[in-house]
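Asker: Sharing a structure here in structure tokens format.
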């Protein structure tokens, strides 16, 4: 099958039986012997999709409704989801949260308006600002150097920024982010609305918040609009997402939002994705508390073992965050490539790495055995210096995909960047257009280029 490279690679990967801590959170519907009774029940329900997936792939015939202008079954299903999330409206998205972010920003701004966004926003936020030629004011975040993640937004600084830019039309924030860190959306909403601005939230990483009291509140309780990806944390196929509106949002803005969604989103409905969203919501409304209660216990047990393991040497540290299901683990005096390679050798695949930490996305299909596998892989690494040294001795990695960006920076030292430069994952800017390119930046990019699981892109 030489002419099917994508299929070949996928089939090859499927046979390697990794312990998977990455999205999408259906984990390729891999059955596990130590599933709980509730996990089995939910797994078997969703597993039915596997055998009938092509029979679900239809178009707008009979009574199948129209995604661009729903009035039948799609409208009914969106109303059910909206009620589930305590929102005014729900719009199904089959092109991921990106479509929702583009749509909600363009719905509340006109060309050349001012907007306030976090500098570390997803690239879709920056692209929406490009589309409407917006004047962007950045919210800057301090860095937690130990984990290489941003610290939380300081409310006092946020309000001062809004005071200085009271003519802005909207504020865009990310909560929860890739590292399971939430902002105080309630307080941010109060301040934003005080200055008559819209609050838009990229909450792509916290659809799970709606299905258990062990999580914080879902942001639509306070934001004007919020978009979330079902596939990131729930057992859904890639690109499944939903955009929610607050009950206080005007009908005028809602209609403009609908118009923008129809501009950016495909007209093809993909009933496979729509039905997947619908079924997942149904199952987790019914079983979510039980499933997340089980997951919480397994993660709590894993953390206790890690704390005990690292009590003396302090090599491993877990980021304190808001989403208990998002594990972010840092390693003192151990190169991140070393850890990543060892995990792959042990057949464990995390979601992503940054320069100092590794992110593990945990979901309802993870079991005690999965966390035991992860624990023993980490334990074997830090307790065996010979293993660690074998990786360190071969620790140089060059990502050929990054050459174009690094070459551009080398050739433009001292000039303003013509582009945003992103690290992927997570798809947030390393630097933004207009920043001066320096030797320090070049040196940093070359350091990142040595990390196996990070791409540098325009």
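Numbering (my numbering), first residue to last: 2 to 459.
Built from N, CA and C at the ideal position, the CB exists for glycine as well.
Predicted, not measured: the structure shown is a model, and the values here were computed from it.
Just curious, the alpha helix (DSSP H) that residue 17 is in, first and last residue?
Answerer: Within the chain shown, numbered from 1, the residue matching residue 17 stands at position 16. Counting along the chain, residue 17 falls outside any alpha helix (DSSP H), and DSSP gives it neither H nor E.
Asker: Quick one, are the C-beta atoms of residue 155 and residue 116 less than 8 angstroms apart?
Answerer: For this step, residue 155 is matched to residue 154 along the chain shown. For this step, residue 116 is matched to residue 115 along the chain shown. In this structure, residue 116 does not lie closer than 8 angstroms to residue 155 by Cβ.
Asker: Which residues in the same chain as residue 141 place their Cβ atom closer than 7 angstroms to its Cβ, once the five residues preceding and following it in sequence are excluded?
Answerer: Position 140 of the chain shown, counting from 1, holds the residue named residue 141. Here the set comprises 120.
Asker: Which runs of the alpha helix (DSSP H) spanning at least 4 residues fall entirely within the stretch 44-105, listed in chain order?
Answerer: Within the stretch 44-105, the complete alpha helix (DSSP H) runs of at least 4 residues are 74-85.
Asker: Count the other CB atoms within 10 Å of the CB of residue 83; is the residue buried (16 or more) or exposed (fewer)?
Answerer: On the chain shown, residue 83 is found 82 positions in, with the first residue counted as 1. With 16 or more Cβ atoms within 10 Å of its Cβ, residue 83 is classed as buried.
Asker: What are the boundary residues of the beta strand (DSSP E) that residue 111 is part of?
Answerer: Indexing the chain shown from 1 puts residue 111 at position 110. Run containing residue 111: none; DSSP gives neither H nor E here.
Asker: Are the beta-carbon atoms belonging to residue 78 and residue 275 less than 8 angstroms from one another?
Answerer: Against the chain shown, residue 78 aligns to sequence position 77. Against the chain shown, residue 275 aligns to sequence position 274. Their beta carbons are under 8 angstroms apart, which means residue 78 touches residue 275 by this criterion.
Asker: Among 328, 375, 417, which residue has its Cα nearest to the Cα of residue 178?
Answerer: In the chain shown, residue 178 corresponds to position 177, counting from 1. For residue 178, the nearest C-alpha among the options comes from 328.
Asker: Take every Cβ of the stretch 294-311, pair it with every Cβ of the stretch 374-385, and state whether three or more of those distances are shorter than 8 angstroms.
Answerer: Contact between the stretch 294-311 and the stretch 374-385 is present, because at least three Cβ pairs lie under 8 angstroms.
Asker: Expressed to the nearest angstrom, what Euclidean distance is found between the alpha-carbon atoms of residue 10 and residue 279?
Answerer: Residue mapping note: residue 10 aligns to position 9 of the chain shown, counting from 1. Residue mapping note: residue 279 aligns to position 278 of the chain shown, counting from 1. Rounded to the nearest angstrom, the two C-alpha atoms are 30 angstroms apart.
Asker: If we ignore side chains and look at the alpha-carbon of each, how far apart do residue 180 and residue 290 end up?
Answerer: Here residue 180 refers to the residue found at position 179 when the chain shown is read from its first residue. Here residue 290 refers to the residue found at position 289 when the chain shown is read from its first residue. So the alpha carbons of these two residues sit roughly 22 angstroms apart.
Asker: Could you pull out every residue in the same chain whose Cβ sits closer than 7 angstroms to the Cβ of residue 332, ignoring the five residues on either side in sequence?
Answerer: Counted from its first residue, the chain shown places residue 332 at position 331. Counting only Cβ-Cβ distances below 7 angstroms, and skipping sequence neighbours, we find 316, 317, 340.
Asker: Could you check what DSSP says for residue 168 in three-state terms: helix, strand or coil?
Answerer: Counting from 1 along the chain shown, the entry for residue 168 is found at position 167. DSSP places residue 168 in coil when its eight states are reduced to three.
Asker: Quick check: what's the CA-CA separation for residue 366 versus residue 36?
Answerer: Position 365 of the chain shown, counted from the first residue, corresponds to residue 366. Position 35 of the chain shown, counted from the first residue, corresponds to residue 36. If I take the Cα positions, the gap works out to 8 angstroms.
Asker: Which whole-angstrom value is the C-beta distance of residue 225 and residue 201, which I expect to be below 8 angstroms?
Answerer: Reading the chain shown from its first residue, position 224 is the one you call residue 225. Reading the chain shown from its first residue, position 200 is the one you call residue 201. Indeed, because the Cβ distance is near 7 angstroms, the residues count as touching under 8 angstroms.
Asker: With three or more beta-carbon pairs closer than 8 angstroms as the criterion, would you say the stretch 226-238 touches the stretch 197-211?
Answerer: Cβ pair count under 8 angstroms is three or more, so yes.
Asker: If we count Cβ pairs, one from each stretch, closer than 8 angstroms, do we get three or more for the stretch 409-429 versus the stretch 101-114?
Answerer: With the cut-off at 8 angstroms, the stretch 409-429 and the stretch 101-114 do not touch.
Asker: Buried or exposed, going by whether 16 or more other CB atoms sit within 10 Å of the CB of residue 403?
Answerer: Stepping through the chain shown from its first residue, residue 403 is reached at position 402. Buried.
Asker: Does the stretch 8-27 come into contact with the stretch 354-362, if we say contact requires no fewer than three beta-carbon pairs (one atom in each stretch) closer than 8 angstroms?
Answerer: Contact between the stretch 8-27 and the stretch 354-362 is present, because at least three Cβ pairs lie under 8 angstroms.
Asker: Going by DSSP, what residue range makes up the alpha helix (DSSP H) through residue 418?
Answerer: In the chain shown, residue 418 corresponds to position 417, counting from 1. Counting along the chain, residue 418 falls outside any alpha helix (DSSP H), and DSSP gives it neither H nor E.
Asker: How long is the line joining the alpha carbons of residue 369 and residue 321, rounded to whole angstroms?
Answerer: To locate residue 369, count along the chain shown from 1; it is residue 368. To locate residue 321, count along the chain shown from 1; it is residue 320. Each residue's alpha carbon lies about 21 angstroms from the other.
Asker: Under 8 angstroms by Cβ, that's how I've got residue 163 and residue 174 pegged, so tell me the actual separation to the nearest angstrom.
Answerer: In the chain shown, counting from the first residue as 1, residue 163 sits at position 162. In the chain shown, counting from the first residue as 1, residue 174 sits at position 173. Not confirmed; about 12 angstroms, so no contact.
Asker: According to DSSP, residue 266 sits in a beta bridge with which residue or residues?
Answerer: The residue given as residue 266 occupies position 265 in the chain shown. Note: residue 266 sits in no beta bridge, so no partner.
Asker: Determine which residues share a DSSP beta bridge with residue 203 and list them.
Answerer: Within the chain shown, the letter at position 202 stands for residue 203. BP columns for residue 203 point to 175, 228.
Asker: Along the chain, where does the beta strand (DSSP E) containing residue 318 start, and where does it finish?
Answerer: In the chain shown, the residue the question calls residue 318 occupies position 317. Segment 317-319, the beta strand (DSSP E) holding residue 318.
Asker: Near residue 351, which residues of its chain fall below 7 angstroms by C-beta distance, leaving aside the five closest residues on each side in sequence?
Answerer: In the chain shown, residue 351 corresponds to position 350, counting from 1. So the list reads 22, 23, 344, 359, 360, 361, once near-sequence residues are dropped.
Asker: Could you name the residues of the same chain whose beta carbon sits closer than 6 angstroms to that of residue 67, not counting the 5 residues immediately before and after it, in chain order?
Answerer: The sequence position of residue 67 within the chain shown is 66, counting from 1. So the qualifying residues of the chain are 61.
Asker: DSSP three-state call for residue 336: helix, strand or coil?
Answerer: Against the chain shown, residue 336 aligns to sequence position 335. In the structure shown, residue 336 sits in coil (DSSP, three-state: anything other than H, G, I, E or B).
Asker: Residue 419: which of 100, 443, 459, 405 sits nearest, CA to CA?
Answerer: Within the chain shown, residue 419 is the residue found at index 418, counting from 1. Nearest option by C-alpha distance: 459.
Asker: Can you give me the C-alpha to C-alpha distance between residue 71 and residue 199, rounded to a whole angstrom?
Answerer: Within the chain shown, the letter at position 70 stands for residue 71. Within the chain shown, the letter at position 198 stands for residue 199. Their backbone Cα atoms lie some 26 angstroms apart in a straight line.
Asker: Given this structure, state the Cα-to-Cα distance separating residue 415 from residue 424, to the nearest angstrom.
Answerer: Here residue 415 corresponds to residue number 414 of the chain shown, with the count starting at 1. Here residue 424 corresponds to residue number 423 of the chain shown, with the count starting at 1. So the alpha carbons of these two residues sit roughly 21 angstroms apart.
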